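Student: Below you will find the structure I want to go over with you.
Residue numbers (the working numbering): 14 to 128.
Structure, rendered in structure tokens:
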């Protein structure tokens, strides 16, 4: 890690993290339509709607302040297709995302929330 590379950790306290995971589950993960595993992270697919654009930009805004190591890539398919958000980064980022999703009770392989 260099001075330009932030550490792979969240700046939230444990209590703030629990609250944030609840918000991620309620506001973000319930809208996921699919997940692609990437070499250094994950790509989440959503329907292309104005509500999802707002949701994704709000998610990026918040997460980029508390988890400064993430690289966020928002991609829009042509036409009425889909929009995707990739969460990637250097070594260790993928396992951090996996841990975060597991804590939020999200089964990324099935791309559905556990009951």
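For every residue, glycine included, the Cβ atom is placed at its ideal position computed from N, Cα and C.
It should be emphasised that the depicted structure is a prediction, and the values quoted were computed from it without experimental measurement.
Grab me the residues of residue 93's own chain with a C-beta within less than 7 Å of its C-beta, minus the 5 sequence neighbours each way, in chain order.
Tutor: The answer, listed in chain order, is 61.
Student: Reducing DSSP to helix, strand and coil, say where residue 60 ends up.
Tutor: Reduced to three states, the DSSP call for residue 60 is strand.
Student: So is residue 18 buried or exposed if we call it buried at 16+ other beta carbons inside 10 Å?
Tutor: By the neighbour-count rule (16 or more Cβ atoms within 10 Å), residue 18 is not buried but exposed.
Student: So which of 27, 29, 46 has the shortest CA-CA distance to residue 120?
Tutor: Here the closest residue by C-alpha is 46.
Student: For residue 108, list the residues DSSP reports as bridge partners.
Tutor: DSSP output for residue 108 lists no bridge partner at all.
Student: So, residue 186 versus residue 102, is the Cβ gap smaller than 8 Å?
Tutor: Nothing about residue 186 can be read from this structure; the chain reaches only from 14 to 128.
Student: Out of 71, 111, 79, which one is the CA nearest neighbour of residue 29?
Tutor: Per the Cα distances, 79.
Student: Tell me the rounded alpha-carbon separation between residue 105 and residue 72.
Tutor: Whole-angstrom Cα-Cα distance: 21 Å.
Student: Measuring alpha carbon to alpha carbon, tell me which of 77, 51, 27, 64 ends up nearest residue 12.
Tutor: No statement about residue 12 is possible, as the shown extent of the chain runs from 14 to 128 and does not include it.
Student: Suppose contacts are defined by Cβ-Cβ distances below 8 Å. Is residue 85 in contact with residue 68 by that definition?
Tutor: Cβ atoms of residue 85 and residue 68: not closer than 8 Å.
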